[in-house]
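Trainee: Got a structure here, written out as structure tokens. Questions coming.
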Amino acid sequence: MTTTIEKVIVAPEEPRQSVLRRPKETTGVWSWFTTVDHKKIAILYGATALIFFVIAGIEALLIRLQLAGPNGSVLTASQYNTLFTMHGTTMVFLVGMPLAVAFGNYLIPLQIGARDVAFPRLNMFGFWVFLFGGLFLYSGFFLGGAPNGGWFGYTPLTSAPMDAGFLPGRGPDFWTIGLIMLGVGSVTSGLNFVITIINMRAPGMTLMRMPVFVWMMLVVAFLTVFAIPCVTAALIMVFFDRNFSTNFFVAAQGGDPLLYQHLFWLFGHPEVYILILPGMGIVSEILPVFARKPLFGYSVIVFSGIAIGFLGWGVWAHHMFATGLGPVAVSAFSLATLLIAIPTGVKIFNWLGTVWGGSVRLKTPMLFALGFIAMFTLGGLSGVTHAIVPADTQQTDTYYVVAHFHYVLFGGLVFAIFGGFAYWWPKVFGKMLNEKMGKITFWFMLIGFNMTFFPMHFLGLQGQPRRTYTYASNMGWDKLNLLVTVGGFIIALSVAVFLVNVIVTTVKGEVAPEDPWDARTLEWSIPSPVPEYNFAKVPQVKARDDFWHRKYTEDDQGRLVLRPSDSADYKGAVEERVDGHDIHLPSPSYYPLVVTLGMPVLAYAAVFKEPLLVIPGVLLLLFGIYAWAIEPGTEEH
Amino acid sequence: MSETTLPDLAHALESEISIHGHADTNTGATNAKLGMWVFLSSECLFFGGFIAAYLLYKGRIVSGPTPHDVYNIPFTSVTSFILLMSSLTMVLALASIQRGDHRRFRIWLFATALFGTVFIGGQIYEFTEFYREGLSLSENVFGSSFFVLTGLHGAHVTAGIIWLLTLWGMSMQNKLHVQNSERVEIAGLYWHFVDVVWIVIFTVVYLIPK
Ligand SMILES: [Cu+2]
Numbered sequence: 003m004t005t006t007i008e009k010v011i012v013a014p015e016e017p018r019q020s021v022l023r024r025p026k027e028t029t030g031v032w033s034w035f036t037t038v039d040h041k042k043i044a045i046l047y048g049a050t051a052l053i054f055f056v057i058a059g060i061e062a063l064l065i066r067l068q069l070a071g072p073n074g075s076v077l078t079a080s081q082y083n084t085l086f087t088m089h090g091t092t093m094v095f096l097v098g099m100p101l102a103v104a105f106g107n108y109l110i111p112l113q114i115g116a117r118d119v120a121f122p123r124l125n126m127f128g129f130w131v132f133l134f135g136g137l138f139l140y141s142g143f144f145l146g147g148a149p150n151g152g153w154f155g156y157t158p159l160t161s162a163p164m165d166a167g168f169l170p171g172r173g174p175d176f177w178t179i180g181l182i183m184l185g186v187g188s189v190t191s192g193l194n195f196v197i198t199i200i201n202m203r204a205p206g207m208t209l210m211r212m213p214v215f216v217w218m219m220l221v222v223a224f225l226t227v228f229a230i231p232c233v234t235a236a237l238i239m240v241f242f243d244r245n246f247s248t249n250f251f252v253a254a255q256g257g258d259p260l261l262y263q264h265l266f267w268l269f270g271h272p273e274v275y276i277l278i279l280p281g282m283g284i285v286s287e288i289l290p291v292f293a294r295k296p297l298f299g300y301s302v303i304v305f306s307g308i309a310i311g312f313l314g315w316g317v318w319a320h321h322m323f324a325t326g327l328g329p330v331a332v333s334a335f336s337l338a339t340l341l342i343a344i345p346t347g348v349k350i351f352n353w354l355g356t357v358w359g360g361s362v363r364l365k366t367p368m369l370f371a372l373g374f375i376a377m378f379t380l381g382g383l384s385g386v387t388h389a390i391v392p393a394d395t396q397q398t399d400t401y402y403v404v405a406h407f408h409y410v411l412f413g414g415l416v417f418a419i420f421g422g423f424a425y426w427w428p429k430v431f432g433k434m435l436n437e438k439m440g441k442i443t444f445w446f447m448l449i450g451f452n453m454t455f456f457p458m459h460f461l462g463l464q465g466q467p468r469r470t471y472t473y474a475s476n477m478g479w480d481k482l483n484l485l486v487t488v489g490g491f492i493i494a495l496s497v498a499v500f501l502v503n504v505i506v507t508t509v510k511g512e513v514a515p516e517d518p519w520d521a522r523t524l525e526w527s528i529p530s531p532v533p534e535y536n537f538a539k540v541p542q543v544k545a546r547d548d549f550w551h552r553k554y555t556e557d558d559q560g561r562l563v564l565r566p567s568d569s570a571d572y573k574g575a576v577e578e579r580v581d582g583h584d585i586h587l588p589s590p591s592y593y594p595l596v597v598t599l600g601m602p603v604l605a606y607a608a609v610f611k612e613p614l615l616v617i618p619g620v621l622l623l624l625f626g627i628y629a630w631a632i633e634p635g636t637e638e639h
Numbered sequence: 031m032s033e034t035t036l037p038d039l040a041h042a043l044e045s046e047i048s049i050h051g052h053a054d055t056n057t058g059a060t061n062a063k064l065g066m067w068v069f070l071s072s073e074c075l076f077f078g079g080f081i082a083a084y085l086l087y088k089g090r091i092v093s094g095p096t097p098h099d100v101y102n103i104p105f106t107s108v109t110s111f112i113l114l115m116s117s118l119t120m121v122l123a124l125a126s127i128q129r130g131d132h133r134r135f136r137i138w139l140f141a142t143a144l145f146g147t148v149f150i151g152g153q154i155y156e157f158t159e160f161y162r163e164g165l166s167l168s169e170n171v172f173g174s175s176f177f178v179l180t181g182l183h184g185a186h187v188t189a190g191i192i193w194l195l196t197l198w199g200m201s202m203q204n205k206l207h208v209q210n211s212e213r214v215e216i217a218g219l220y221w222h223f224v225d226v227v228w229i230v231i232f233t234v235v236y237l238i239p240k
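These protein sequences, in sequence, are chains Y and X. Numbering of the first sequence is given in this note's numbering, commencing with residue 3 and proceeding in unit increments. Numbering of the second sequence is given in this note's numbering, commencing with residue 31 and proceeding in unit increments.
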């Protein structure tokens, strides 16, 4: 039951035919290039996304320096365009989504009791595509123009040919091709999560026993798989219009620039949930542990998550109220948008119900989770005002919108992510983060965040337009803008404290026990950091919050009592670390990297219209795919 | 909800392409097969975007040829029928390898690839004819949306042909065994999908008048 039982003595094997020798290393620097271990891949995703987070933060600070006072001269108009485009694109595609994938990668197999994801090599492929896609986007800075048409890339601004002079340089080409490439990576990781969750759960881990985080990631994975192809189609049309003179968005030829907006937001609104549902999942894991109560209304939270996943497809045009859709469409989308607030509101009450009456421990993860609830609620409320069409028409393209979505995505996702870091850090790295520095991070972030984004509501209602590089001094916006800029730097300070915390505790931090928070889910039942094989014994799941039930029982008056440590149930609550060399795990591989290397080559071929680059690109791709197909997932030993 | 147990998860991992026959999973279906279904459902939305663009632009041609001017419905009906038949031969190929009849498997698989190639040949002929009659990518919205949609579909068929021929080559070298028949099944799923997409395109793009 525990491991694959293999005959130890076998005839000397003939070496398997393969072009490249199969990598064997599971430690050392090189192992990070060939690994297929979901935990290592998660760390790669997380570390890379954090670097992009810092870059996007620097971009935001430059924007804020420019806007700190009227008639700012820190940036030129075109530099400003590039920075707000890259800030948005980076935060959505290179920070938000990959961080969610990082958490999903690490936690999904552990929380469902599996030893890896369904497709380990495809998992690594997804990471390489993310890394090279990000580098490709940023290489635009050195190769004739970084993207500069906004993270939404509206046509015909982006789709007009380069010589039309709408957007000088190759910015839109880098943007369209880069996003298509990143989309490939996102779809593969979404697909991987879907199959892992529906197919690889441990015995007894029924769907309704899965941790809420896994449920939310399942919804996210489905949304990713279905939303990305919509934007890919739109991006291909933009690229063709720009480079092959097609007429998709040329109004004079009967083309319709609004088609792009429809396709983009058909992706873009589900994308909002792709970004926020993982945060909701993380918070739903943290709250019960630090309130020492089971999650209030588990099934309601699960089903409202699923409801959001469905309703999220019917609201995209609320991003387009100002484009003149006609009264019927506008009313329908307004109504649908009001409707989707209901499952979201239900969740907020569930979280409050979880904390209510619990014995709350205000550790760093809990602070971030509570911060998430408060900030996300504010963002949700300003979101509801967008559903009211007359108000929305007034707010469109002002800082009110900027305030709204930062409350949802920063106040929501980023707070949840930092809570998740604080919560799972000991499990992943085997070291406790410093609690004092964690609290400083939280309070700086909370204060800085509200100083930055709350005044933007007022600025927006006073008419300050977004995406505009400067403003005159007689508008009455000066003081609030200065406040916003100061707030931005306080956020930066909080992130700096977090990074110092990471460095200091890595060097000389307290060693983490298996279960530092007295937690509820399976990942806490195994050693910290998690051994390569995850579970020495595949767990037999008997209940929701299985690990908690192994540790605790009720006495005859219904009070919670710790099981005696020698009882049969408690035994094995926490696994011993074993020498797992006889546990059959998927083998490392070069080919995810080889296949991915072909993609930037083809991407540059497309951007520069250089047919000579197509040949090496296709050859790398084909060689990688064939070698991958021939190579077995797990090498026999 | 499935209560199927996983006697050995590590073994299930090997089913990335199921090498050791069936693997125990919660649903009973292998990861690879379910993965292909999820991938294909994603592809539906991809094609959906281009089909929507085509339909939106149908009545908006400003200048140049219209569908009515260029379509040769009898010709495209024949090539569409050939592609449809290739789904039948694909079914026969899969049935053969599952029975262990490798000779018939190779014949049917090769026939499938051949029918696909004939279809692509027809598409190349059609594209050149249309181009001669003045329809190009940049001529009008019809040209743009037609060529990009059918071209992307053709690229999918071409990838499928390469995939089938690869399997055929493996079989000729006796490297494709009955236990690997799932590889054929998955290629078949892809092939049928590409076929179904064409049936939708043929109906919506060619047959429905504006
Ligand atoms: Cu929306």
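Every residue gets a Cβ at the ideal spot worked out from N, C-alpha and C, and that includes glycine.
Does the CB of Q255/Y have a neighbour CB from chain X at under 8 Å?
Mentor: yes
Trainee: Quick check: I112/X and F145/X, are their CB atoms within less than 8 Å of each other?
Mentor: yes
Trainee: Give me whichever residues DSSP pairs with V513/Y in a beta bridge.
Mentor: In the DSSP output, where bridge partners are listed per residue, V513/Y has K433/Y.
Trainee: Please determine whether the Cβ atom of V317/Y lies at a distance below 7 Å from any heavy atom of ligand 1.
Mentor: yes
Trainee: Taking any Cβ of chain X, which residues in the region 244 to 275 of chain Y have a Cβ under 7 Å from it, in chain order?
Mentor: Of all residues in the region 244 to 275 of chain Y, only F246, S247, T248, N249, F250, Q255, G256, G257, D258, L261 and L265 place a beta-carbon less than 7 Å from a beta-carbon of chain X.
Trainee: Between the alpha carbons of S384/Y and K63/X, how many angstroms are there, rounded?
Mentor: 44 Å
Trainee: So for Y628/Y, helix, strand or coil by DSSP?
Mentor: helix
Trainee: Would you mind working out which of G147/Y, V222/Y and W519/Y sits nearest M434/Y, comparing C-alpha positions?
Mentor: The shortest Cα separation from M434/Y among G147/Y, V222/Y and W519/Y belongs to W519/Y.
Trainee: In the DSSP assignment, what are the bridge partners of L2/Y?
Mentor: Any answer about residue 2/Y is impossible in this case: the structure gives chain Y only from 3 up to 639.
Trainee: Whole angstroms is fine: what's the gap from T1/Y's alpha carbon to S161/Y's?
Mentor: Lying outside 3 to 639, the shown extent of chain Y, residue 1/Y is not represented and no answer is given.
Trainee: Just grab the DSSP bridge partners of T400/Y for me.
Mentor: In the DSSP output, where bridge partners are listed per residue, T400/Y has P467/Y.
Trainee: Report, in whole angstroms, the separation of the C-beta atoms of G155/Y and P174/Y, which I expect to be a contact under 8 Å.
Mentor: 7 Å
Trainee: Does ligand 1 have a heavy atom nearer than 7 Å to the CB of H271/Y?
Mentor: yes
Trainee: Give a yes or no on whether the minimum CB-CB distance between V79/Y and chain X is below 8 Å.
Mentor: Before going on, a small fix: residue 79/Y reads as Ala here, not Val. Output row for A79/Y: interface = no.
Trainee: What in chain Y is Cβ-close to R90/X, meaning under 7 Å?
Mentor: Result: G256.
Trainee: Under a CB-based cut-off of 8 Å, is N107/Y close to chain X?
Mentor: Output row for N107/Y: interface = no.
Trainee: Who are the neighbours of E73/X on chain Y, taking C-beta pairs under 8 Å?
Mentor: P231
Trainee: Would a C-beta distance cut-off of 8 Å place V486/Y and T454/Y closer than the cut-off?
Mentor: yes
Trainee: Terminal residues of the continuous alpha helix (DSSP H) containing F246/Y?
Mentor: V214 to F246
Trainee: Could you give the residue range of the alpha helix (DSSP H) that holds N125/Y?
Mentor: Segment P122 to S141, the alpha helix (DSSP H) holding N125/Y.
Trainee: By DSSP, does S168/X sit in helix, in strand, or in coil?
Mentor: coil
Trainee: Under three-state DSSP, which class holds W550/Y?
Mentor: helix
Trainee: In whole angstroms, what separates the C-alpha of I216/X from that of M66/X?
Mentor: Each residue's Cα considered, the two are about 7 Å apart.
Trainee: Measuring alpha carbon to alpha carbon, tell me which residue in V189/Y, L63/Y, F242/Y and M239/Y is nearest I230/Y.
Mentor: V189/Y
Trainee: Give me the chain B residues within the contact set of F157/X, using Cβ-Cβ distance strictly less than 7 Å, ordered along the chain.
Mentor: Of the protein chains in the structure, Y and X, none is chain B.
Trainee: Quick check on the DSSP output: the alpha helix (DSSP H) that includes R134/X runs from which residue to which?
Mentor: H132 to R162
Trainee: With a threshold of 8 Å between beta-carbons, can V304/Y be considered close to chain X, or not?
Mentor: Chain X, which has no Cβ nearer than 8 Å to the Cβ of V304/Y, makes this no.
Trainee: Can you find a heavy atom of ligand 1 that lies under 7 Å from the Cβ of H583/Y?
Mentor: no
Trainee: Which whole-angstrom value is the C-beta distance of G115/Y and M207/Y, which I expect to be below 8 Å?
Mentor: 6 Å
Trainee: Looking at chain X, which residues of the region 178 to 207 of chain Y have a Cβ within less than 7 Å of any of its Cβ atoms?
Mentor: V189, L193, V196, I197, I200, N201, M202, R203, A204 and P205
Trainee: Indicate, with yes or no, if ligand 1 has a heavy atom lying under 7 Å from the CB of H408/Y.
Mentor: No, ligand 1 has no heavy atom inside 7 Å of this Cβ.
Trainee: Cβ-heavy atom distance between V302/Y and ligand 1 below 7 Å?
Mentor: no
Trainee: Can at least three beta-carbon pairs, one atom from the region 418 to 428 of chain Y and one from the region 275 to 292 of chain Y, be found at a separation below 8 Å?
Mentor: Of all C-beta pairs linking the region 418 to 428 of chain Y to the region 275 to 292 of chain Y, three or more are shorter than 8 Å, placing the two stretches in contact.
Trainee: Closer than 7 Å: is that where the CB of H320/Y sits relative to any heavy atom of ligand 1?
Mentor: Result yes, Cβ under 7 Å from ligand 1.
Trainee: Does the region 362 to 382 of chain Y come within contact of the region 313 to 321 of chain Y, defined as at least 3 CB pairs closer than 8 Å?
Mentor: Using a C-beta cut-off of 8 Å, the region 362 to 382 of chain Y makes no contact with the region 313 to 321 of chain Y, since fewer than three inter-stretch Cβ pairs fall below that distance.
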